[in-house]
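First the structure, in the form of structure tokens, and then the observations on it.
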Amino acid sequence: MRTGFSAAVIGAGLAALVVAGAGPGLVAAPAVRLADLPTSQADSTVDVELVLAVDISYSMDPEEQALQREGYVAALTSPEFLAALKQGMHGKIAVTYVEWAGSADQRVLVPWRVVDGPGSAEAFAASIAEAPYRRAYRTSISGALLFSADLFKDSGQRGIRRVIDVSGDGANNQGAQVDHVRDEVIAKGITINGLPLVLKRPNAATMDLEALDIYYEDCVIGGPSAFMIPIRDRSQFKEATRTKLVLEIAGRTPEARVIPVAEPEPRATPRVSCTIGERMWQQRWGRDFN
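Using UniProt numbering, the final residue of the sequence shown is 290, and nothing's skipped along the way.
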């Protein structure tokens, strides 16, 4: 299933997240014993292997870049995240932080590390905060997904779940078709969650997409319990990022009262064309898309 959350859910979500006791905002998974797990899970060493893949294309202005990074730094050191971490079977995750732009531009900013408590979480967050900023041309979500999926082989850990957490403010406009790559990645048992930044008014010159959240829902996210949380206001960065990380780490799903906006995948006819970014790019330069 793929699930989308409205801005109202972001505002109310953390108030209801009592992770240690799986409070009213979340549905807790039943207690799990190693002996009850399939062999692959019984051999696991961490609860989640997580790739944080963040957009640094030129469509992201410097303020957005700073807010995006600050959101992850704050989320990784928040009491809610640390409480969720403790509730896992192993009480630790493996995580890496990646920046991406065009189809040939992906870089690991912080390599794989095990986060198992406040000290390691703060060290990981500090590495993100201290790294220099950069921006690059074009937007290739498909390139980011392929690069991120390939990183799991070098994590040094075996997670019960593997998740790519992709955030960005535009549609794919370079590289392989994004929905095809999504299907390829989730076929490997990897879940793709999204944090689309729906902050700008549609503009043909900058190729901003009004329905970016729907695009992410229909063309980008997928896999077991996949979801996305759109950010519609800059003030939501930290709260939305924290909510998403808590849900990913806790391995829980929203209660039924949080109404999903997606249908079971795959969706036969996406509401937004999965090649809209490529079309907008070609039209910008007066070319026909084919």
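Ideal Cβ placement from N, Cα and C applies to all residues, glycine included.
Being a predicted model, the structure only gives us computed values, none of them experimental.
- Within the stretch 115-183, the runs of beta strand (DSSP E) at least 3 residues long that lie entirely inside it are, in chain order, 159-168.
- Per DSSP, ASP213 is not a residue of any beta strand (DSSP E); the alpha helix (DSSP H) it occupies stretches across 212-215.
- In this structure, GLU130 is the residue among VAL163, ILE160 and GLU130 with its C-alpha nearest to the C-alpha of VAL110.
- In the DSSP assignment, TYR72 falls within the alpha helix (DSSP H) that extends over 62-76.
- VAL51 is positioned such that its CB atom lies no closer than 8 Å to that of GLY159.
- ASP55 sits close to SER167, with the two beta carbons spaced by under 8 Å.
- Cβ-Cβ separation between GLY277 and ALA171: approximately 3 Å, consistent with a contact (criterion under 8 Å).
- Rounded to the nearest whole angstrom, the C-alpha separation of SER78 and GLN282 is 43 Å.
- The alpha-carbon separation between CYS219 and SER142 amounts to approximately 10 Å.
- In chain order, ASP47 place their CB closer than 6 Å to the CB of GLY88, counting only its own chain and leaving out the 5 sequence neighbours on each side.
- For THR191, the enclosing beta strand (DSSP E) starts and ends at 190-196.
- Looking at the DSSP output, GLU99 sits in a beta bridge with VAL54 and ARG107.
- If you draw a 10 Å sphere on the C-beta of SER103, you find 16 or more other C-beta atoms in it, and that means buried.
- Per DSSP, ARG279 has no beta bridge partner at all.
- A straight line joining the alpha-carbon of PRO62 with that of MET228 spans about 23 Å.
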